[in-house]
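Residue numbers (my numbering), protein chains in the order written: chain A, 9 to 368; chain B, 487 to 730.
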Ligand SMILES: Nc1ncnc2c1ncn2[C@@H]1O[C@H](COP(=O)(O)OP(=O)(O)OP(=O)(O)O)[C@@H](O)[C@H]1O
Ligand SMILES: [Mg+2]
């Protein structure tokens with residue numbers, strides 16, 4: 009297992025390495041033998057559904073929780089900027105006071121504080137509200153301030169638990185800009201998110217499932233491992249039919265591994281090498297695999313092996329998201345669950361304009 | 487048709503800052519109203535005004551027929567409210583939180599116990615029923631808060647960003663429940679930053695800088711602002727227009 013990374017010919021040690029950590033709360037195993045490293049300059053997302061262990065993982069990585077087994081090295085305490093789901097803001101200090109107080113608390117030179125605080129408030133759009141008490145901010149504004157407080161003193165390690173929660177879609181794109189910027193400046197950034205598509209813009213993704221690490225690697229590498237072909241089954245007349253009908257039709261396709269409703273149609277995974285014919289009244293549109301497919305595959309057991317995620321690609325080369333594509337992806341796209349495949353945007357309003365929630 | 491919510495020029499200022507600016511709307515009983523808008527647009531403040539938790543600086547409002555200024559108590563008794571902030575008791579378990587809220591709303595004995603089981607099962611919280619609520623991850627907390635808000639089957643439900651931080655599959659579950667409630671006659675006011683959710687509301691309000699910049703059915707808004715394009719265009723166009 010290679011844990012060192014080569015950067016300009018030099019070996020770089022990880023900024024944080026969770027070494028086979030487990031965390032139990034009574035009978036519940038929240039995190040089970042997870043091995044994950046984040047290197048300087050890397051943006052890594054831990055992704056999984058509710059209850060997958062994301063928050064516990066973040067707390068372990070931030071050093072606010074001690075593992076039941078395994079170790080976290082080097083000790084993150086004292087060099088981590090941590091955003092927790094529970095706000096650590098002082099409700100009766102102003103926006104400005106919160107930010108500058110935290111910066112000084114973390115040993116930032118007084119001269120540097122003002123300029124940096126101003127810059128971050130400008131970026132978060134909170135500058136006009138610098139004199140407002142933090143307790144009087146809206147939920148999304150509090151989230152942005154908490155994030156600014158976590159990054160202001162430029163810690164070498166950032167652990168951000170669900171930083172995009174409650175942030176409006178326009179601001180969300182800016183937030184991703186900030187996260188990438190933090191990594192580009194050489195910091196190691198570990199975030200958690202319940203949304204797999206947010207993982208697409210990270211260097212590496214750690215897929216969590218019931219406290220276990222299913223796999224970790226660059227989005228490209230993870231998708232390259234996916235063994236099936238993926239497509240979307242869409243009613244040909246463009247009319248939305250009852251989901252159950254489309255789903256039943258999808259299950260009739262030869263070589264179907266699984267099918268789940270998505271947007272206007274049903275997303276299917278099919279055995280490779282077949283060229284299935286859609287049932288009458290439907291179109292079958294090929295679509296490149298996304299992280300969601302990879303996740304379904306791994307969590308349903310087909311691709312699960314204990315080796316998964318252990319031999320994670322430690323070289324960043326192929327996995328670094330293409331900057332231009334990211335810009336296309338996020339710029340002006342304020343609704344984060346758009347997916348880019350097959351040269352088109354797919355999402356709730358994608359080619360077929362249906363949402364992820366059931367139509368009435 | 488009776489209106490569940492009716493406001494005229496509802497306004498709230500904090501000092502010289504106007505958080506809610508002359509909101510006039512009418513929401514028929516049994517509809518799902520979605521409120522959209524950037525952070526700080528005034529969505530939460532509007533909900534607090536409607537619940538009588540905050541007094542308006544100007545304007546009037548009636549909720550379930552009760553006046554928001556004089557009869558806030560009656561409104562709060564009859565409404566479910568899932569706040570954007572974490573209002574659960576951190577040191578209590580999901581079980582105890584539901585018990586607590588149930589009793590608060592006058593549920594007792596068998597009725598409470600069976601409703602509680604139903605919601606714990608729906609929320610997938612059974613494995614966590616004896617964990618501290620404060621230790622739950624974001625999505626699980628949201629589910630618990632949602633369960634607490636719907637426990638007593640209120641005729642009017644205020645959901646402030648119920649699905650923020652909730653994974654995609656669970657978001658569908660939330661909406662299945664919201665539809666069930668609406669089909670059963672419950673009026674639901676829900677705020678969200680997810681536009682796919684907006685598409686499935688009966689009525690939409692888009693708030694910008696405290697004003698209700700647009701109000702209507704999704705189809706009406708699409709027709710008025712974006713032709714055949716999606717609601718995302720509507721929102722973007724409105725959000726980019728200079729405030730007047
Ligand atoms: N008690 C208060 N004193 C001063 N300003 C306040 C108070 N309460 C709310 N505000 C301000 O009113 C504005 C609207 O806040 P509100 O919480 O209603 O926004 P929101 O639309 O819910 O935003 P979000 O999407 O972030 O939840 C914000 O600028 C907020 O800071
Ligand atoms: Mg709010």
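Built from N, CA and C at the ideal position, the CB exists for glycine as well.
Predicted, not measured: the structure shown is a model, and the values here were computed from it.
Would you verify that the beta carbon of residue 92 of chain A is, or is not, closer than 8 Å to some beta carbon of chain B? Mapped onto the first chain, residue 92 of chain A falls at position 84. No, because no Cβ of chain B sits closer than 8 Å to the Cβ of residue 92 of chain A.
Of the residues that make up the segment 169 to 188 of chain A, which ones have a beta carbon closer than 7 Å to any beta carbon in chain B? Those residues of the segment 169 to 188 of chain A that come within reach of chain B (Cβ to Cβ, closer than 7 Å) are 170, 173, 174, 175, 176, 177, 178 and 179.
In terms of DSSP beta bridges, what is residue 240 of chain A paired with? Residue mapping note: residue 240 of chain A aligns to position 232 of the first chain, counting from 1. Residue 240 of chain A is bridged to A/275 and A/293.
Local conformation of residue 703 of chain B per DSSP, three classes: The residue you call residue 703 of chain B lines up with position 217 of the second chain. The answer is coil: DSSP assigns residue 703 of chain B none of H, G, I, E or B.
Stretch-stretch touch, CB-based, cutoff 8 Å, three pairs: the segment 494 to 502 of chain B with the segment 538 to 556 of chain B: yes
Taking 8 Å as the threshold (C-beta atoms), are residue 610 of chain B and residue 629 of chain B in contact? Against the second chain, residue 629 of chain B aligns to sequence position 143. Against the second chain, residue 610 of chain B aligns to sequence position 124. Yes, Cβ-Cβ distance for residue 629 of chain B and residue 610 of chain B is below 8 Å.
Give a yes or no on whether the C-beta atoms belonging to residue 177 of chain A and residue 679 of chain B are separated by under 8 Å. The sequence position of residue 177 of chain A within the first chain is 169, counting from 1. The sequence position of residue 679 of chain B within the second chain is 193, counting from 1. A contact, by the Cβ cut-off of 8 Å.
From the DSSP output, in three-state form, read off residue 385 of chain A for me. Nothing in the structure corresponds to residue 385 of chain A, since chain A is present only between 9 and 368.
Could you check where the beta strand (DSSP E) with residue 500 of chain B kicks off and where it finishes? For the purposes of this step, residue 500 of chain B is identified with residue 14 of the second chain, where counting begins at 1. Element bounds for residue 500 of chain B: 489 to 500.
What does DSSP give as the partner residue(s) for residue 571 of chain B in the beta ladder? Position 85 of the second chain, counting from 1, holds the residue named residue 571 of chain B. None, per the DSSP bridge assignment.
Anything with a beta carbon under 7 Å from a heavy atom of ligand 2 counts; list them all in chain order. A/146, A/147, A/148, B/529, B/530, B/570, B/646, B/647 and B/677
Residue 253 of chain A (DSSP reduced to helix, strand or coil): To locate residue 253 of chain A, count along the first chain from 1; it is residue 245. In this structure, residue 253 of chain A counts as helix in the three-state DSSP scheme.
Closer than 9 Å by beta-carbon distance: list the chain B residues that pair up with residue 149 of chain A, in chain order. Here the question's residue 149 of chain A lines up with position 141 in the first chain. Going along chain B in sequence order, the residues near residue 149 of chain A (Cβ under 9 Å) are 525 and 526.
How about the segment 611 to 622 of chain B and the segment 552 to 559 of chain B: do they share at least three Cβ pairs that are nearer than 8 Å? Touching, no, given that fewer than three Cβ pairs across the two stretches are closer than 8 Å.
Roughly how many whole angstroms lie between the Cα atoms of residue 35 of chain A and residue 76 of chain A? Against the first chain, residue 35 of chain A aligns to sequence position 27. Against the first chain, residue 76 of chain A aligns to sequence position 68. Taking the straight line from one Cα to the other gives about 12 Å.
Closer than 7 Å: is that where the CB of residue 699 of chain B sits relative to any heavy atom of ligand 1? Within the second chain, numbered from 1, the residue matching residue 699 of chain B stands at position 213. No, the beta carbon of residue 699 of chain B sits no closer than 7 Å to any heavy atom of ligand 1.
Going by DSSP in three states, residue 652 of chain B sits in which element: helix, strand or coil? Against the second chain, residue 652 of chain B aligns to sequence position 166. Coil, per DSSP.
DSSP three-state assignment for residue 159 of chain A, whether helix, strand or coil: Here residue 159 of chain A is taken as the residue at index 151 of the first chain, counted from 1. If DSSP states are grouped into helix, strand and coil, residue 159 of chain A belongs with the helices.
Any beta carbon of chain A sitting closer than 8 Å to that of residue 729 of chain B? Mapped onto the second chain, residue 729 of chain B falls at position 243. Residue confidence for residue 729 of chain B is low, a pLDDT of 45 falling below 50, so the modelled location carries little weight; the figure read from the coordinates is stated next. Judged by the 8 Å Cβ criterion, residue 729 of chain B is not in contact with chain A.
Ligand 1 and residue 494 of chain B: does the residue's C-beta get closer than 7 Å to at least one heavy atom of that ligand? In the second chain, residue 494 of chain B corresponds to position 8, counting from 1. With a threshold of 7 Å, the Cβ atom of residue 494 of chain B does not count as near ligand 1, since no heavy atom of the ligand is closer than that.
By the 10 Å Cβ neighbour count, where 16 or more other Cβ atoms means buried, how is residue 280 of chain A classified, buried or exposed? Numbered from its first residue, the first chain carries residue 280 of chain A at position 272. Exposed is the call here.
Pairwise C-alpha distance: residue 61 of chain A and residue 294 of chain A: Here residue 294 of chain A corresponds to residue number 286 of the first chain, with the count starting at 1. Here residue 61 of chain A corresponds to residue number 53 of the first chain, with the count starting at 1. Cα-Cα distance, rounded: 33 Å.
Smallest Cα separation from residue 528 of chain B: which of B/578, B/647 and B/612? Counted from its first residue, the second chain places residue 528 of chain B at position 42. It is B/647 whose Cα lies nearest to the Cα of residue 528 of chain B.
Using a Cβ-Cβ cutoff of 9 Å, what residues of the segment 634 to 648 of chain B are near chain A? List them in chain order. 646 and 647
Please tell me whether, using a cut-off of 7 Å, the distance from the CB of residue 176 of chain A to the nearest non-hydrogen atom of ligand 1 is below it. As a first step, residue 176 of chain A must be located in the first chain, where it is residue number 168. Under cutoff, so the answer is yes.
Please list, in chain order, the residues of the segment 191 to 202 of chain A that have any C-beta partner in chain B closer than 8 Å. 202
From A/209, A/171, A/215 and A/165, pick the residue whose C-alpha is nearest to that of residue 193 of chain A; which is it? Taking the first chain and counting its residues from 1, the one referred to as residue 193 of chain A is at position 185. Ranking the options by Cα distance to residue 193 of chain A, first place goes to A/165.
Where does residue 680 of chain B fall in DSSP's three states? The count along the second chain starts at 1 and reaches residue 680 of chain B at position 194. In the structure shown, residue 680 of chain B adopts coil according to DSSP, grouped into three states.
In the segment 50 to 64 of chain A, which residues sit with their C-beta less than 7 Å from some C-beta in chain B, listed in chain order? 57, 58, 59, 62 and 63
Any heavy atom of ligand 1 closer than 7 Å to the beta-carbon of residue 523 of chain B? Against the second chain, residue 523 of chain B aligns to sequence position 37. Indeed, a heavy atom of ligand 1 lies less than 7 Å from the Cβ.
If you reduce the DSSP assignment to three classes, tell me which class residue 127 of chain A lands in. What you label residue 127 of chain A is simply residue 119 of the first chain in a count that begins at 1. Three-state result, residue 127 of chain A: helix.
Identify, in the order they occur along the chain, each residue of the same chain with its Cβ nearer than 6 Å to the Cβ of residue 161 of chain A, setting aside the five sequence neighbours on each side. Along the first chain, read from residue 1 onward, the residue named residue 161 of chain A stands at position 153. Same-chain partners within the cutoff: 111, 114 and 116.
Is any heavy atom of ligand 1 found at a distance shorter than 7 Å from the C-beta of residue 66 of chain A? The residue given as residue 66 of chain A occupies position 58 in the first chain. No, the beta carbon of residue 66 of chain A sits no closer than 7 Å to any heavy atom of ligand 1.
For a test of your reading of the model: does the CB of residue 499 of chain B fall under 7 Å from any non-hydrogen atom of ligand 1? Yes or no. For the purposes of this step, residue 499 of chain B is taken as the residue at position 13 of the second chain. Checking every heavy atom of ligand 1 against the Cβ of residue 499 of chain B, none is found closer than 7 Å.
CB of residue 693 of chain B to nearest heavy atom of ligand 1: below 7 Å? Position 207 of the second chain holds residue 693 of chain B. Yes - ligand 1 has a heavy atom lying nearer than 7 Å to the Cβ of residue 693 of chain B.
Residue 116 of chain A by DSSP, collapsed to three states: which one? The sequence position of residue 116 of chain A within the first chain is 108, counting from 1. Looking at residue 116 of chain A - three-state DSSP - the assignment turns out to be coil, as it is neither helix nor strand.
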